[in-house]
Structure formats: C-alpha cells, structure tokens
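**Q** Take this structure, written in structure tokens, and hold onto it; I'll ask about it next.
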Ligand SMILES: [Zn+2]
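In our numbering, the protein residues as written are 653 to 940.
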C-alpha cells in the first residue's frame, strides 16, 4: 500500500502535532516497517492540489494564506502565519490527491499522512486546518469520473468545513461520528449525517455510522478522515484498534483513501503514543 508523505508537510515554524507528527510517523515506518507499506512523495500532484484548492476555497482566503494578510483571515486556522504555510497546506492536500489517484487507478486503497484539513471552510481556516484536503480529495475523485464519494469523518471533531464546501453537491455524502463539539459551526443537514458519540458508546456509534453508510448507494470512493483524537476524549486505544478494523471491513474492496487527521498530546500523551495510534490505521489498511 502506498502512503504519501513529504517533508514539506512539516515545513512551517508553528510546531504542533498537526505540523510535526507526520514526519515522526514516516520515520517510524522506516525504522519499524509495517509489512506492505511504501512511503511515497506526492509532490507531482502539487499543481492539481492547488487547482482544486482554488475550487474549494475563495480566492480571498487563499490569498490571505499565501501572503499573511489580512492577519485575521491568514491566522483563522489558529496557527501562527509563516511564508511556508500555504505550501505546507497544499502538500497535505497533494498527498490526498495522490492517494485518490492511486486508489482509483489501481482499484485499491491508499493514504496520506495528512492532517489539518476538515475544519477549513470555503472562506476561512479553523482548528489548525488551513486547506480542506478532504474536499480536495473529493474533487480529485469526481474529476476522475467517480459518480459518488462517501466521506467518513471519524475524527473526534465534526468535519463541518468539508460540508460547507461540498454540501450542495449531490455526488457527495458525509457521515461524521464526533466525540467533541468544539468546532461544530456548520449544522448537519441533507446528505450530511452527524452522529454524536461518547467514550462509553463509541464503537456502537461507529457501527451505527457504518450501518447507515452500507444502506446508501455504493460509493465509487470512500475518503476516511481517520483522526485518532477520540483517544484524547477518553476512548480507549483498544477500542480505536477495533474501530480501524470495522472501518476497513466496511471499505472492503471499494477504492478508499485515509488521512490521519487529529491525534494530540492532550491528557499526557507523548509523540510516541500519537505515532502508535496512527500506526493502527496504517497496519489495518495494509493488512488486506
Ligand atoms: Zn479533531
């Protein structure tokens, strides 16, 4: 399984989990390989990612991300602005475009060590998210002829930015299972199903989401925003491992891609912990 990463993913001054952990995960894949996983550069897809980001976002917002002004818009993602911010965010999106290309061309699965995506709306960043690479991935799939795309957003937080961008497109369906309501700015409606969950009922809510997904028209591509930050809301790591198995079972033979999304040090967790959580996703996907 090809997984996309490039050091540009971490090439910003602001040091947070979102802007640092991908390198640590990639390094772990070299020092402690997972069978059947190959780390590949997505940088050939940078041009397409830029073009699709310009479809997803307003010109004024992207210009602010590029130039740093106006300051409130440039910093709406909650990160300090630096000149590399735009290139960093585009690289994360390029990883998902590359993964979509691989998944659809090879009728297979792929992923990218991308995060900082799903809260970014058409006109602003939010919650460490700058460019909405989930939306960019959907656009990349539609451009390749996919008739319908399912976004399964199982990050702790709701992917409202993705729905803000794509909600009116009938080729797009989004199902969220959320344990946190911090960035809940875009209410779910229509083709967006929102399932609140708590640490005690988390796997039941995941099964409910997957049952609902299975009842829909079969998608041509599944995009999984596989945040591990439910752990930060108290979901046991063992349950997260089960979640990854259930989601991968649901995906079956449908082309699918994952982004790593959230997963933080809150609650006394180390970067080693965070890397080990995201490796659960990679191991499960690479084992089929
Ligand atoms: Zn999150």
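We treat Cβ as the ideally placed atom computed from N, Cα and C, and that holds for glycine.
1) Take the Cβ of residue 688 as the centre, count every other Cβ of all protein chains shown within 10 Å, and call the residue buried at 16 or more, exposed below.
2) Assuming residue 702 and residue 792 make a contact with CB atoms under 8 Å, what is their CB distance in whole Å?
3) Could I get the ranges of all uninterrupted beta strand (DSSP E) runs contained in the region 869–916, with 3 residues as the minimum, in chain order?
4) Just confirm the distance between the C-beta atoms of residue 787 and residue 764, as a whole number of angstroms; I'd bet it's less than 8 Å.
5) At a cut-off of 7 Å, would you count residue 913 as near ligand 1, judging by its Cβ distance to the nearest heavy atom?
6) Check each candidate in 737, 936, 871, 880 and name the one with the smallest Cα separation from residue 662.
7) Should the region 663–682 be called in touch with the region 708–728, which here means at least 3 C-beta pairs below 8 Å?
8) Using a Cβ-Cβ cutoff of less than 8 Å, which residues in the same chain neighbour residue 686 once the five nearest sequence positions on both sides are dropped?
9) Which same chain residues, not among the five before or five after residue 780, have their C-beta less than 7 Å away from its C-beta?
10) Suppose you measure from the CA of residue 675 to the CA of residue 659; what does that come to, to the nearest Å?
11) Taking only heavy atoms of ligand 1 into account, decide whether any of them is closer than 7 Å to the Cβ of residue 809.
12) Cα-Cα, which of 762, 911, 695 is closest to residue 740?
13) Does the beta-carbon of residue 890, which I'm using as the reference point, lie nearer than 7 Å to any heavy atom of ligand 1?
14) Contact between the region 896–911 and the region 877–884: three or more CB pairs below 8 Å?
15) Can you check whether the C-beta of residue 739 is within less than 8 Å of a C-beta belonging to chain D?
16) Can you give me the C-alpha to C-alpha distance between residue 716 and residue 771, rounded to a whole angstrom?
17) Please state whether the Cβ-Cβ distance between residue 817 and residue 784 is less than 8 Å.
18) For a quick check, are the C-beta atoms of residue 782 and residue 743 less than 8 Å apart?
**A** Considering the structure as presented:
1) Of the other Cβ atoms in all chains shown, fewer than 16 fall within 10 Å of the Cβ of residue 688; this residue is therefore exposed.
2) The pair is not a contact, with the Cβ atoms about 12 Å apart (cut-off 8 Å).
3) 873–877, 908–911
4) At roughly 14 Å, the Cβ-Cβ gap does not stay under 8 Å, so residue 787 and residue 764 are not in contact.
5) yes
6) 737
7) Remark: fewer than three beta-carbon pairs, one from each stretch, lie closer than 8 Å, so the region 663–682 and the region 708–728 are not flagged as touching.
8) 931, 934, 935, 938
9) 668, 670, 729, 730, 731, 768
10) Spanning the two alpha carbons is a distance of roughly 7 Å.
11) Under cutoff, so the answer is yes.
12) 695
13) no
14) The region 896–911, when compared against the region 877–884, does touch it at the 8 Å Cβ threshold.
15) Judged by its chain identifiers, the structure shown contains no chain D, having just a single protein chain.
16) 17 Å
17) yes
18) For residue 782 and residue 743, no; Cβs fall outside 8 Å.
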